[in-house]
Amino acid sequence: MSEGGNPLLERLAAIEEEGVAALRDAADEEALETARVRYLGRSGAVADVLGRIGSLPADQRRPVGQKGNAVKRALEETHETRAAELRMRESARAAADRDLTRPGRTAWPGGSHPVTAVIDEICDIFRELGFTRVRGPEVETEWYNFTALNIPLDHPAADVHDTFYLEDGVVLRTHTSPVQARTMQTHQPPVRVVVPGVCYRRESIDASHAAVFDQIEGLAVDEGVDFVEFRSTIEHFVRRFFGAETRTRFRPDFFPFTEPSAQVEVSCTICGGSGCATCKGTGWIEIMGSGMVDPAVFEAVGYDPERYTGYAFGMGPGRMALLRHGIPDLRLLHEGDVRFLRQFAST
Amino acid sequence: MRVSLNWLRQLVPGLEGTAEELADRLAMTVTGVEEIVPVGRGLEDIRVARVLELREHPDADRLSLCLVDGGEDPVEVVCGAPVIHEGGLYPFIAPGSTLPGGLRIEERAIRGVTSHGMLCSERELALGSDASGILRLPDGLEPGTPLVQAFDLPDAALELEITPNRVDLACHVGVARELAAEAGLEVRVPPVEGADWEPTWRDGHEAASAGGVTVGIEDAARCGRYLGAVVRGVEVKPSPAWLQARLRAVGARPINNVVDATNYVLRELNQPLHAFDLARVRGGRIGVRAARAGERLRTLDGVERALEPAATVITDAEGPVAVAGVMGGEESEVTAGTTDVFLECAWFDPSHTRHTARSLELSTDASYRFERGVDRRGCEAALARCVRLILATAGGKAEADAVRVGELPGPRTVVPLRPERVQRLLGLVLDAGAIEGLLAPLGFERDETGGLAFRIPGWREGDIRREVDLIEEVARRHGYERFPTATRPTRPSTVPDDPSFARSDRVRRLLESRGLLEARSSSLVARSEADAERPVDLLHPISAEEGFLRGALVPVLLRRLEHNWARGTGDVRLYEIGTVFRRRAEDESGEVPVAEELRVGALLTGRRRPPHWSEEPAAVDVWDLKGLAEEVASGLCGATVEPLPLASGDEAPALGRFGAARWLGAERFELVGPAGRIGVAGGVRREAVDAPPWAEAVWALEFGLGAVELAAPTPYRPLSTFPAVPRDLALAVPASVRAAEVEAVIREAAPEWLEDVRLFDVYEGDGVEGGRRSLAFRFRFRARDRTLEDAEVESALKQIIRRIEERCDARVRSA
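Same order as they appear, the protein sequences are chains A and B.
Just so you know, the first sequence maps onto residues 63 to 409 in the working numbering.
Just so you know, the second sequence maps onto residues 1022 to 1836 in the working numbering.
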């Protein structure tokens, strides 16, 4: 039996060729539908052939049936492909009409305050080094704020603190350092803590001074903690916080609760050290007061100063936030202006 | 504190380096340098000139014509200064030259007379701030001498940061010592030329007399030493140019040769001195005692001051003549008419000087130094140097005897220093010799009697008392920058992380994801934002607006909201985490009389979402607030949000520690945790906030951070794989019946396979009987272990309906 000799099979082959071309080239949905009806419809070309199978001899019905179904599938696939293409073209046309340059629908952005972000980052860096976070009261006794920290009350060293008093002997803490004494009174070494917190000084308010400001304190005490470890730890912190290229330098300074005391300066984050308005032309910016814990502090909290040594440091996250973002005025930090806060919102 | 570079160079022969280099050296090993101030720059063209002849300007009353000898042919100069002396010396600038500010002087006619140059004021030369007249130069200079030569210019002044422990750096010798040590040089104080005076001391424990003056210390606690000398027959006049130049360079105004001599010694050796006009010291008696109530004194600055007993005064036979260690009296000050001078060189107690200065609200160069402690061993040398300076500049004759009252200083303090301690603290291995090599140049002499120890020089006695003080000097001299870097093994902290940090992290994540921005407000507030019942006030506030500590966060956020409204921002969503304060009750114990609590406050106003071109979002309403409160309560605190009814006539029900919530309006909720109220939420009353007419309603909440649970692991609940059966049920209930009651009854009556039920519609009006309200609930039934049959769902629903009908007087509208 020769397939070529079967007219229905030949007919099917022709339908396939014509039909695929008609469907594939349909210019629009209407043309596609017309082609579909012609070839795949209930009384379309394929159905017509399949309807005539009954008139064939029994042994020829099968190949014609199979071929018929194959042609039908091929046509259906072509139809589907073309329909999808036409739909896409239609949606694209509709989309072009809708002007997708128009802005999308959003939710209100939320986010942390830039000072909080600085505090978090500082805490994270020190937590990696085995420090934990602690807090202390903002209303303090003179003993914790001054005496325990080797600051005699009747001395010029206390003057720099410009203290707010609530009553005799009760002050608003002028620094986070009282938490050093509180922590050491309740815990034995090794002590490694960072202490973020709000502090108060009776200062007139301007672009770089506030009566209420943030500080973050650090304290590390154990056997064998020396100036070398202190310096290395601070340098590590500076590289992490300000960037690997930032240089650190230590200068003599005075704090009653540390000795030796040091002022830590970093190469200017704005000009990189060549001198600009931010660093007042020096190329360096002061970022923290620090030093080795004074033995008088250990004595005040009941640690043996012969056995334990340690270092402490304090810095101003508010000022660091100004530096980091180029904010010109400290007062902007506390106004709660949504236009300001939104600039630093992460979402 | 300013030091002159030329002065330092004179004290340390061989000192090299520019101002910047020396400033850097000081900063890295001694103390910070705040500023380098150029002194006398651009004065190369200014010359000393004598006014030979003075005439009136023919056409102008206020101008005069000066014939000026500037070292060349005399020229005529028009001058507008009120006082010019014939024969006087003045700075002169010739035509074609430039002033420090860049102004070029040309020959020009002033009211018809040509001026061939200009005589200059202090300010025009940038040597000071005085612009009122021409700078009178001291006699004895040769006309034509360049001003820079006469005044040792140009110079530079370094503005030093003086820490409370290093008052010894408040003078040139002190700074010179450090620079010399650093450079391996020595400090040499040049002798006063043409004057040599060494007194015979007349000592007394409480009193002594010499040269016609008797000095008595009544209160030794206030004054440890009092030395005095008499110089007779002085000629009070302007100081010589070199002395004026030194004082000007450090920002001090030359006054006359006697006063300038005391100021010079102050800035050279750090010892404050005071010169009295001896003729005005009544009875030739000087005393030191506490001021008496009612005593008054007009001080040198012309201010009449009432003295308090806290103050120490210097008296003559009749009463106070000076405030000890702070400021002299006007009556006995040295003036042009003074011939005999009594010179005081004392050691006043730091604490008493501090109280004296404070009681008068005065701070002077002298009090600054006495408060921080001057060298009590340096009095003799300072007095002698000052007398010699007066003799050299003002002439006269010093009495050979001088008084010296008080206790003579004992042997110097010896402080031991263990090299092993240096190693333990600094991590540096230094032997005794190396340590001595670092300390000796600063005046620390090795004591040979025992182990390694050092005798402390007088100018560091206040600061260096302990081993660790010396170790700091070792570290400083070694150079902080020369320490090695090395990481050390460390042991973890014994201190646990304070849980409040984890709590605030949870709160921040939730609130920020809901579009709230964090504020950090000042905790110093006005009375209205303090605790309502137990406000905490400051003793001496900066202002009434910052006279209290905040008692709650929402009122503070409302002020921030007003700030935003004032800038035209109406969409404001803020939160803050911070401390609030209230005074403790009498019976409440605590280290301090103030209780602190960490709180979270939040407020919402404006549109629910950012505006979009497709729609104008509605304003935030009570359901937005309640939803947020519910997320806080159930998500963070294991708490619920309950309406907080306002009993009739009860404007402000007691809210316990949220008593400051006076902002809370009628639509109000409380956050209730297992242990009671943890917070409040609600609408903000109109009166609580100053709103512009266009502002939307404001919603706020506040709760205690302590109520936030630290996340415990959540147990897994299996997910059912069987299909869910949804059902809706609309009920008409009396208006007095609350949705929460109905829901509670539903849950009670439902089988355990009720997966979820929620209110999805509320309706009043047509189709619902008067006095009733339609509440529509959507149910989702699903069993964990099987596909539910229709019949069992229907039967469960019937059961639920029956119960609601009984308990809530509900009628089914549709099911």
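All residues carry an ideal CB built from backbone N, CA and C; glycine is no exception.
Residue-level contact to chain A via CB, residue i, 8 Å cutoff
i: B/Thr1039; result: no
i: B/Met1049; result: yes
i: B/Glu1539; result: yes
i: B/Glu1550; result: no
i: B/Ile1155; result: no
i: B/Arg1062; result: no
i: B/Leu1624; result: no
is_contact[residue i, chain B] using C-beta, thresh 8 Å
i: A/His396; result: yes
i: A/Ser35; result: The first residue shown for chain A is 63 and the last is 409, placing residue 35 of chain A beyond what the model contains.
i: A/Val260; result: yes
i: A/Tyr373; result: no
i: A/Thr236; result: no
i: A/His249; result: yes
i: A/Leu385; result: no
i: A/Ala169; result: yes
i: A/Gly376; result: no
i: A/Gln405; result: no
i: A/Gln325; result: yes
i: A/Pro314; result: yes
i: A/Asp284; result: yes
i: A/Met356; result: Residue identity differs from the one stated: residue 356 of chain A is Asp in this sequence, not Met. It does: the Cβ of A/Asp356 has a partner Cβ on chain B nearer than 8 Å.
Under 8 Å by beta carbon: chain A residues contacting residue i
i: B/His1584; result: Glu397, Gly398 and Asp399
i: B/Thr1506; result: Val290, Arg293, Ser294 and Glu297
i: B/Trp1634; result: Arg164 and Pro165
i: B/Val1557; result: Val201 and Leu228
Same chain only: Cβ atoms within 7 Å of residue i, ignoring 5 sequence neighbours per side
i: A/Glu80; result: none
i: B/Arg1011; result: Outside the displayed span of chain B (1022 to 1836) sits residue 1011 of chain B, for which this structure offers no information.
i: B/Tyr1408; result: Rather than Tyr, the amino acid found at residue 1408 of chain B in this sequence is Val. These residues qualify, in order along the chain: Trp1218, Ala1250, Val1252, Leu1364 and Ala1419.
i: B/Ala1130; result: none
i: B/Leu1512; result: Per the sequence shown, residue 1512 of chain B should be read as Arg rather than Leu. Nothing meets the Cβ criterion.
i: A/Arg25; result: Past the boundaries of the shown model lies residue 25 of chain A; chain A is included only from 63 to 409, so the question cannot be answered.
Same chain, Cβ closer than 8 Å to residue i, five either side skipped, listed in chain order
i: B/Glu1723; result: Ala1573, Leu1574, Val1575, Arg1620, Val1621, Gly1622, Ala1623, Phe1679, Ala1682, Gly1700, Val1701 and Ala1702
i: A/Val108; result: Leu74, Ile77, Gly81, Tyr101, Leu102, Gly130, Val133, Lys134 and Leu137
i: A/Glu265; result: Asp224, His271, Ala272 and Ala273
Expected contact under 8 Å - CB spacing of residue i and residue j to nearest Å
i: B/Leu1775; j: B/Val1783; result: Contact doesn't hold; Cβ gap of about 21 Å is too wide.
i: B/Tyr1285; j: B/Arg1267; result: 6 Å
i: A/Leu281; j: A/Val255; result: 5 Å
i: A/Ser239; j: A/Gly376; result: 7 Å
i: B/Val1134; j: B/Leu1086; result: 6 Å
Partner residues on chain B for residue i, Cβ-Cβ distance less than 9 Å
i: A/Asp216; result: Pro1371, Ser1372, Arg1375 and His1376
Close Cβ partners of residue i (< 6 Å) along its chain, the five nearest in sequence each way excluded
i: A/Thr371; result: Val287
i: A/Ile332; result: Cys338 and Thr340
Contact list for residue i against chain B, beta-carbon separation under 8 Å
i: A/Ala219; result: Pro1185 and Asn1186
i: A/Phe304; result: Result: empty, since nearest Cβ-Cβ is about 17 Å, beyond 8 Å.
i: A/Glu321; result: Val1489, Asp1490, Ile1492 and Glu1493
Contact set between residue i and chain B, taken where Cβ atoms lie within less than 7 Å
i: A/Glu200; result: Thr1600 and Glu1617
i: A/Ser174; result: Arg1529, Glu1533 and Glu1539
i: A/Thr245; result: Val1516
Proximal residues of chain A, C-beta to C-beta of residue i below 9 Å
i: B/Pro1614; result: Val201, Leu228, Glu229 and Val232
Amino acids of chain A, ordered along the chain, whose beta-carbon sits closer than 7 Å to that of residue i
i: B/Phe1522; result: Arg195
i: B/Leu1595; result: Gly398
Can you list the beta strand (DSSP E) stretches of 3 or more residues lying completely in the region 234 to 305 of chain A, in chain order? 253 to 262 and 274 to 284
Let me know the beta strand (DSSP E) ranges lying completely inside the region 1577 to 1618 of chain B, each 3 residues or longer, listed in chain order. 1593 to 1604
Tell me the start and end of each unbroken beta strand (DSSP E) in the region 1711 to 1755 of chain B that is at least 3 residues and wholly inside, in chain order. 1719 to 1725 and 1746 to 1755
Any alpha helix (DSSP H) of 4 or more consecutive residues that is wholly inside the region 321 to 371 of chain A: 357 to 363
Can you list the alpha helix (DSSP H) stretches of 4 or more residues lying completely in the region 1476 to 1549 of chain B, in chain order? 1488 to 1499 and 1520 to 1534
Runs of alpha helix (DSSP H) lying entirely within the region 114 to 154 of chain A, each at least 4 residues, in chain order: none
Entirely enclosed beta strand (DSSP E) segments - the region 1116 to 1147 of chain B, minimum 3 residues: 1129 to 1131 and 1134 to 1136
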